[in-house]
Amino acid sequence: MTRDTEQVRQPGICVGRDRGNDRPVLTELYHALETLKRCGKETIVDIKSLPFGSIDEQRLAEFLGKGEVEAVLHALGESRITETAFPGIWWIEHRDEHGEITAKSIEVANIPGILKSQHDDVADACRRLGSLVQLADPDEEPGSIET
Amino acid sequence: MGSAVEQNVRAITVADRLRAQGISRRGFLKFCASTASLMALSPAMVPAIARALENARRPSVIWLSFQECTGCTESLTRSHSPSVESLILEQVSLDYHHTLQAASGEAAELARETAMQENQGKYLLVVDGSIPVKDGGVYSTIAGITNVDMLNEVAAGAAAIIAVGSCAAFGGIGHARPNPTGAMPVSEIVTDKPIVNVSGCPPIPTVITGVLAHFLTFNKLPDLDDLGRPLAFFGQSIHDRCYRRPFYDKGLFAESFDDEGARKGWCLYRLGCKGPATYNACATTKWNQGTSFPIEAGHPCLGCSEPDFWDMGSFYRALSIPTEDTTRTLVYGVGTGAVLGAAAAAVARSRKSKAKAAHYKVSVNDLEEST
Amino acid sequence: MTSVEFLAWVRGPMFQIAVAIFVVGVVIRLIEIFALGRKADLSEPRGGETMPGIVTVFRRSIPDPGTFKRSPFTIVLGYLFHIGLFITILFFVPHIELFHDVLGVQWPGLPTPLVDAVAIISIFAMLAILVNRLRNPVLRFLSNGEDYVVWAATLLPLVTGYFAFHRMLFPYQTMLGLHILSVEILLILFPFTKLMHFFTSFVARWYNGAAFGRRGVQS
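Residue numbers (this note's numbering), protein chains in the order written: chain E, 826 to 972; chain Z, 7 to 377; chain W, 0 to 218.
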């Protein structure tokens, strides 16, 4: 509550967008992390649907900080998957071809699902690589490359 | 034969279509995550959305525009650059929309009739605008067919109806007093089909696509509130999600559009904000690619997603103010009361003086005599 | 009837009906009372009338020690909820907007959390009053149906207003509609019940004080 009044006094800062909703999210993340540690269960928090003020989100991002991994996914526009300073908590931002954010979430997992190579894509890759290997060495059995 | 080929194309699932466009499985999952966000569903629903989209067929959509201003179509087509939302729009086959389609005249109506015949019982009907029914519905016609006849005809074969905008959902400005054309919302004319009301003047574009995405994904309409609106977007009031809410709770209000309170971003209740009684997603989804929404721009909420918002008193008077002229009632009331009071007093006085006149003194002797 | 139609009705025609009944009823009753008149007092006055009248209006607001000792509950709780009603009705900002619209005058409001606290105190005071009334054999004997109706009609706007402000129980439109409807019921009942004491109690006190003053007696 005191934070609100501080914002009011500072000129130039957009007033009232501080809803203090980053606190409960941190509590939720703590419990999610604890669950992940205990039994490996993953949690996803949708940030876009939270009544965040711009200040809330900024403060949450700053609090979580940046960790060791930062991945960029190029599919239907760019997506940025960043491990926060708290390993196991990932900040995920999906953008479309025009750089507009289409989804934003925090995933509590050992590795976010979308980073893993997907079965369909692996099968596709296998087919493609198989035919390439066959072209290079027609005697080799393509299936044996598969792990 | 042509139509059989067409049917085969339609039989291809949404996942297949995306894959055919060279989109990887990761891209598909990202599409699902964005769709979940668009539908205001939890990210935990992404696997379910992915499964559903793997089987989803491309639905035929017929869009009918009746007594309307094209604001709803503008909202949908102009507000976003090509994005994941437009990918969703690409997944539907928009077979008739008389503002957007290239065909005109008889060719346009033929497209509508063909789409209806080929997808009987399966197509999605989108309506914007109210439907005038007074005097046989003559106040608005398309190709010589009254709006009410066309709606009844097209609705008969529809799987579901999306009433886009406050006019189609609740009657809107056409339905406002004195309603000269007898304008009605879709739900008062069609009663035997599932209808979802995407209200707003105009509705938020992502809400329109969100409902389309829901139908596309799950082949049914989303959960609705008691006014037929999708709960995911209309479940909470503007007030509950308003970033100015702390000022309302503290009792800090702007009293004019350029006082200190207005500059400090205080609550706009006293300037007529209808946010407390308005259910919509503006405060979270916002407008113009999530830039802002009316309250953020310093203007009170008009309550445009609620029924009959045109008839709810001035946009600039607080919600607690009665919609009719109470001062007049008060003045007339005092006048009437004074006249009736004077009459009542006169009656009381005459009874009093009659009682006085009827009064006569009785002495002890009189009493003794009478016994 | 949907919640929106209900709200439109209580904010619209129903409010005018309630205000009309309230105003017409109150004015009729007041004129009736004043026009009845009193017999001219021909005795020689032993003191003034105006000042003792005014003094009594205020003095009777202070309970004398004897009365306070006999029924402390009635007095303390009575004060609490009367002051509470006064504050919530007159100093809650949305209410001030209503008065401004109807009467054309406005005054500064009190911070909402303060009004909120006062409303809660008033609600509990009124509940305690009912308990006191039911438990005290004399009070119970003196009470009739009207007393309970008036009690409920006074409590309902407080409770529904509290729920509406905190957005509890029902969707806001319904809750706000119920709040306005409860006020309309209060307005309609007003001229025909003991609620008229709002207008008559001070007049009665003045009359008593003035009568005593004329006789040269302190009231």
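Think of the CB as a built atom: it goes at the ideal place given N, C-alpha and C, for glycine as much as any other residue.
| Item | Value |
| --- | --- |
| Contacts that Gly-248 of chain W makes with chain Z (C-beta to C-beta distance below 7 Å) | The structure shown has nothing for residue 248 of chain W, since chain W only spans 0 to 218. |
| Members of the region 15–36 of chain Z near chain E, C-beta cut-off 7 Å | Ile-29, Ser-30, Arg-31, Arg-32, Gly-33, Leu-35 and Lys-36 |
| Among Z:Arg-269, Z:Gly-296, Z:Phe-315 and Z:Asp-265, nearest to Cys-279 of chain Z - alpha-carbon criterion | Z:Phe-315 |
| Partner residues on chain Z for Asp-945 of chain E, Cβ-Cβ distance less than 7 Å | Arg-31 |
| Trp-316 of chain Z (DSSP reduced to helix, strand or coil) | helix |
| CB contact flag (Arg-118 of chain Z, Ile-68 of chain Z, <8 Å) | yes |
| Rounded distance between the beta-carbons of Gly-212 of chain W and Pro-51 of chain W, thought under 8 Å | 3 Å |
| Best match in W:Leu-76, W:Leu-41 and W:Arg-58 for proximity to Ile-122 of chain W [C-alpha to C-alpha] | W:Leu-76 |
| Limits of the alpha helix (DSSP H) - the one that Lys-362 of chain Z falls within | 332–364 |
| Proximity below 8 Å, CB of His-919 of chain E to CB of Ser-40 of chain Z | yes |
| Residue-chain proximity (Ala-209 of chain W, chain Z), Cβ-Cβ < 8 Å | no |
| C-alpha distance - Thr-173 of chain W paired with Thr-83 of chain Z, whole-angstrom precision | 36 Å |
| Run of the beta strand (DSSP E) containing Trp-69 of chain Z, from where it starts to where it stops | 66–71 |
| Of the residues E:His-856, E:Glu-908, E:Ile-880 and E:Ser-904, the one placed nearest Leu-889 of chain E, counting alpha carbons only | E:Glu-908 |
| Run of the beta strand (DSSP E) containing Arg-905 of chain E, from where it starts to where it stops | 903–908 |
| Inter-stretch contact at 8 Å, needing at least 3 Cβ pairs: the region 243–260 of chain Z / the region 274–289 of chain Z | yes |
| Nearest residue (CA-CA) to Thr-927 of chain E, options Z:Val-20, Z:Pro-186, Z:Gly-296 and Z:Ala-348 | Z:Gly-296 |
| is_contact[Thr-329 of chain Z, chain W] using C-beta, thresh 8 Å | yes |
| Opposing strand residues paired with Ile-119 of chain W [DSSP bridges] | According to DSSP, Ile-119 of chain W bridges with nothing at all. |
| One or two residues paired with Trp-38 of chain Z in a DSSP bridge | Looking at the sequence shown, residue 38 of chain Z is not Trp but Cys. None; Cys-38 of chain Z has no bridge partner. |
| DSSP-derived helix/strand/coil call for His-103 of chain Z | strand |
| Nearest-angstrom Cα separation, counted from Ala-17 of chain W out to Gly-11 of chain W | 11 Å |
| Endpoints, the beta strand (DSSP E) within which Thr-927 of chain E is located | 926–933 |
| Cβ neighbours of His-94 of chain W in the same chain (closer than 7 Å, five flanking residues each side left out) | Ile-88 |
| For Trp-8 of chain W, the residue or residues it bridges with in DSSP | Partner(s): none; Trp-8 of chain W has no beta bridge. |
| Residues near Ala-19 of chain W by beta carbon distance below 7 Å, same chain, minus five either side | none |
| Enclosing beta strand (DSSP E) for Glu-302 of chain Z [first to last residue] | That residue, Glu-302 of chain Z, is in no beta strand (DSSP E); it is neither H nor E in DSSP. |
| Given Lys-199 of chain Z as reference, the closest of Z:Thr-333, Z:Asp-246, Z:His-104 and Z:Glu-159 once Cα atoms are compared | Z:Glu-159 |
| Chain E contact for Ala-62 of chain Z (CB, 8 Å cutoff) | no |
| Cβ shell of Ile-201 of chain Z (< 7 Å), same chain only, five flanking positions each side left out | Ile-167, Ala-169, Val-192, Ser-193 and Gly-234 |
| Three-state secondary structure (DSSP) of Asp-40 of chain W | coil |
| Cβ of Met-190 of chain Z within 8 Å of any chain W Cβ | no |
| Cβ-based burial, Trp-106 of chain W [other Cβ within 10 Å; buried from 16] | exposed |
| Nearest-angstrom Cβ-Cβ length linking Tyr-285 of chain Z and Ser-326 of chain Z, presumed shorter than 8 Å | Not confirmed; about 19 Å, so no contact. |
| Interface residues of chain E facing Ser-43 of chain Z [CB-CB closer than 7 Å] | Asp-871, Lys-873, Thr-927 and Ala-928 |
| Run of the beta strand (DSSP E) containing Tyr-206 of chain W, from where it starts to where it stops | Per DSSP, Tyr-206 of chain W belongs to no beta strand (DSSP E); it is in the alpha helix (DSSP H), 196–214. |
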